[in-house]
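Protein chains: 2
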Amino acid sequence: MAVKRRRARALIGLKRARARSACWSLVVHGGASTIRPSVLQPAREAAVRAALAAVLDDVAKALASGAPSLDAVETAVRRLEDSPLFNAGKGAVFNSHGEHELEAAIMDGRTLEAGAVAAVRGVKNPVVLARRVMERTPHVYLQGEGALAFARAEGLEIMTPDYFWTEECWSSFKEARLAATARRSAVDSGSGETVGAVALDRYGNLAAATSTGGMTNKMPGRVGDSSVIGAGTYASNASCAVSCTGHGEYFIRAAAARDICARIEYAGNDARAAVQAVLGRRVGRLGGRGGAILVDRAGHVLAWANTDVMYRGAVTHKTPVRTAIYRREPL
Amino acid sequence: MAVKRRRARALIGLKRARARSACWSLVVHGGASTIRPSVLQPAREAAVRAALAAVLDDVAKALASGAPSLDAVETAVRRLEDSPLFNAGKGAVFNSHGEHELEAAIMDGRTLEAGAVAAVRGVKNPVVLARRVMERTPHVYLQGEGALAFARAEGLEIMTPDYFWTEECWSSFKEARLAATARRSAVDSGSGETVGAVALDRYGNLAAATSTGGMTNKMPGRVGDSSVIGAGTYASNASCAVSCTGHGEYFIRAAAARDICARIEYAGNDARAAVQAVLGRRVGRLGGRGGAILVDRAGHVLAWANTDVMYRGAVTHKTPVRTAIYRREPL
C-alpha cells in the first residue's frame, strides 16, 4: 500500500516536472558601469545593443521550444563571453600582473545545485567550466590551477593570452597603472561589463549564471562576487534567480544575490522592493555601485542598478526583445 | 547650526561606540563530525575538551577586559589552527595530491567588512591572512598563489609541508585513497574538525571567523564554505554572527550563514528557529550534514548540528566555560 502511494506520488512528480506552461522569461546583462552616459560612444552603444539583442533572440527561441533554464543561462553567458565587448571571456580586463584571471558561476533553482570557478587562466568559457564542476565533480567551487587542470581533463577549450587581449582593456590597464598612486584607488576603475543571465523555463524552473574578468589592475588571486554563490549569483525556485554586476567586494559583504531571494522568501517583498532594499540600501550604504537582473517564479523580469549605465536586455513569452543602457530607459 | 547638529550627532555616535556594557559572549567549534560517538576515543575526547576550554578561558579574559569581538574571534581561531587536533592550520587534511590547501574567513558585524582566503599553501595561520586581506587590501577574497604572495609580502609565517602533517590525517588520506573507487564517494570522509568562533563584545559588536583544511582527498583548488562569506561565515550587528562546519558544498548551495541571519532579520525568527530551519530543513533536505555556532546581538549563544558529534564550547559574562561533544549534551 505504502509502495503504491509512493509510486503514485512519483508519477504525480513526473507529470509535474514535465508539465509545460506557455510562460518563459529571460534577462541578460553586460555589466553596470560608473562611466558618465555622455562618455559612451554611439558606435559602442549600438554594438552592445546588437550583441545583447542577438543573444536574447537566439536563446528566446530555445526557451520557447522548451529548453531548460539551466541551458538557456549557460548559452547566453557563453555567447557574451565570446564577445570582445564585455569583461568576461574574450575582452576580460587585466590584473596587476597584466594577466587575465576569470571567474564564473551557474546555479539551478530547482535542485539548488551550483558550480563555480575563480582565478582561472586561459579557459575560453568559464561558465561552461562552472557547469562541469556542478555536474561532473563532487564539488561546487574550484579555483586556480586546480580548476584549470579540471578544464583540461574535461577537454574544454584553452586559449593563449592573446585571445583575451583587447585594445580597450589594455588601455584601461595602462591608465589604471599610471593612476595607481595609492593601492586603494588603483582598482576602482573598470569593474563594469561583467555578464550574466537569468531565466524561467516552461517547466517553471529558474536558473542564473554570471561571468567576469573582474577588476582592472586587481591583485592576482582576487576573487569577486560573480563566482561566489549567494553574492553575485543565486537561483531558487522558492523565490527568484539573480545575477549581479558591480564592485564585487561590496556584493560579497552583503551576500547580495541570496539576500534578494531571502527578502522575497522571508519578508514577502516583491522583486523590485527586494532588489531596491538590498542594492539601494544595504550595498549602496556600504558604498557599493552596481546592479542586478532578476526573474521571479511568476516570470516577472527586472533590471535595477544604482549606476547611470547598465547594459541589459529582456524577452519573455509575451514581450519582444528589448535592450536598455541608461538609467531611465524602460526594459 | 547644521554643522553643530552634525557635531552633536558625531559625539553621540562616539559615545555610543565607546559605551561598554557588562555583556559579552563567545562560542567556538572544532567541527561537526559524522563519526559514531562510540568510535571516539576517550583520550581524544579529553584532549579536544581541554583544547577548547583553554581557548575559551583565555579569550574570555580578553573580552571581559574590553577586547573587540573581531580580535576575539581571530585569536580563538588562530589558537585552534595551531592545535594539531583540528582540521585547520596544523592538522589540516590532505587533498587528492597529498597536499594541504587551507581556507579561512573573518567578518566584522559592525561594518560588514570581511576578509577571506582559499586554496593557500604553507600559511601557518590562514585566519590572520584573512584579516590582513580585509584591512590591508582593497579586496575581500584572495586565493591560491596570489594569496600566498600577499602573505609573504605581509611577513606572515610560512611553513614547510611537514609542519601541517599529522599521523591521523595521513591515515585518513590513505584510507580515502583506497576507498576512492568512485569519484563522488572519495571525498565524503574527513570533512569534520573545521574550526570557528563567534563573539559579542562589550561594545555590542558581533564578529565571526572560520578556518579549515577542507575535505580529505578533495580535488586541488576545491573551495568549501568556510571561506565563502555568506556560506560558512557571516556577521551582522543587525542579526547575529555565524560560523558553520560540515559538508561545505551543501552550505554554499544554501548560502547557510547569511540565510540564518536573514531569517532572524526578515522573518523574525529567534536564533534557534533560524538555525534549525536553515540547517535542519534547507541544508538537511539537500543531504548536507554539519552544524553551526551562533551569537545574536542580545548575546544569546547557540550551537546546533544535524550530526551526532560536534566539538563546541561557550562562555559568557554570566556563564562559565562549558564544552560539549555529543548531540544531547547541553552547552
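Order-wise, the sequence lines are chains H and S.
If you use our numbering, the first sequence corresponds to residues 9 to 339, in order.
If you use our numbering, the second sequence corresponds to residues 9 to 339, in order.
Glycine included, C-beta positions come from ideal geometry on N, C-alpha and C.
A quick note: this is a predicted structure, and the numbers were derived from the prediction, not measured.
Roughly how many angstroms lie between the CA atoms of residue i and residue j, to the nearest whole one?
i: D209/H; j: S244/H; result: 13 Å
i: A96/H; j: I268/S; result: 32 Å
i: I301/H; j: P134/S; result: 35 Å
i: Y211/H; j: G74/H; result: 8 Å
i: D65/H; j: D278/H; result: 27 Å
i: A80/S; j: M142/H; result: 36 Å
i: V283/H; j: W312/H; result: 7 Å
i: N213/H; j: R118/H; result: 6 Å
i: T220/H; j: G106/H; result: 16 Å
i: K226/S; j: Y274/H; result: 35 Å
i: R266/H; j: I333/S; result: 32 Å
i: A61/H; j: A188/H; result: 36 Å
i: A54/S; j: R144/S; result: 39 Å
i: R86/H; j: G295/S; result: 31 Å
i: K182/S; j: W173/S; result: 13 Å
i: S179/S; j: T218/H; result: 40 Å
i: V303/S; j: S251/S; result: 10 Å
i: A126/S; j: A306/H; result: 37 Å
i: P92/H; j: R44/S; result: 55 Å
i: G38/S; j: E89/H; result: 42 Å
For the putative contact between residue i and residue j, defined by C-beta atoms under 8 Å, what is the C-beta separation to the nearest angstrom?
i: P146/S; j: G154/H; result: Actually they do not touch by this definition, with Cβ atoms about 26 Å apart.
i: V63/H; j: V36/H; result: 6 Å
i: N314/S; j: L287/S; result: 6 Å
i: G232/H; j: G238/H; result: At roughly 13 Å, the Cβ-Cβ gap does not stay under 8 Å, so G232/H and G238/H are not in contact.
i: V148/H; j: A122/H; result: 5 Å
i: T253/S; j: A40/S; result: 5 Å
i: A263/S; j: A184/H; result: Not a contact, Cβ separation roughly 32 Å.
i: A138/S; j: A113/S; result: 5 Å
i: A205/S; j: L71/S; result: That belief does not hold up - the Cβ atoms of A205/S and L71/S are roughly 11 Å apart, past 8 Å.
i: L164/S; j: V136/S; result: 6 Å
According to DSSP, is residue i helix, strand or coil?
i: G404/H; result: The structure shown does not extend to residue 404/H, since chain H is modelled only from 9 through 339, so no value can be given for it.
i: E111/S; result: strand
i: A54/S; result: helix
i: T315/S; result: coil
i: D116/S; result: strand
i: S33/H; result: strand
i: Y334/S; result: strand
i: L71/H; result: helix
i: R230/H; result: strand
i: V148/S; result: coil
i: L339/S; result: coil
i: V131/H; result: strand
i: A7/H; result: Because chain H spans 9 through 339 in this model, residue 7/H falls outside it and cannot be assessed.
i: L310/S; result: strand
i: R289/S; result: helix
i: V136/H; result: helix
i: S46/S; result: helix
i: L8/S; result: Residue coverage of chain S in this structure runs from 9 to 339, which leaves residue 8/S outside it and unanswerable.
i: V101/H; result: coil
i: R28/S; result: coil
Name the two residues that bound the continuous alpha helix (DSSP H) containing residue i.
i: S179/S; result: 175–187
i: V283/S; result: 279–283
i: T83/H; result: 77–90
i: G154/H; result: 152–161
i: F172/H; result: 169–172
Just grab the DSSP bridge partners of residue i for me.
i: C252/H; result: A300/H
i: V203/S; result: S219/S
i: Y242/S; result: V250/S
i: S41/H; result: V317/H
i: T327/S; result: For T327/S, which the question treats as bridged, DSSP gives no partner whatsoever.
i: I237/S; result: T241/S
i: L214/S; result: L208/S
i: I166/S; result: V131/S
May I ask which residues mark the beginning and end of the beta strand (DSSP E) holding residue i?
i: G123/S; result: 122–128
i: Y274/S; result: Premise fails: Y274/S lies in the alpha helix (DSSP H), 264–274, not in any beta strand (DSSP E).
Regarding residue i and the ligand FAD, is the C-beta to nearest heavy atom distance less than 7 Å?
i: S235/S; result: Judged by which ligands are present, the structure shown has none, so any question about the ligand FAD falls away.
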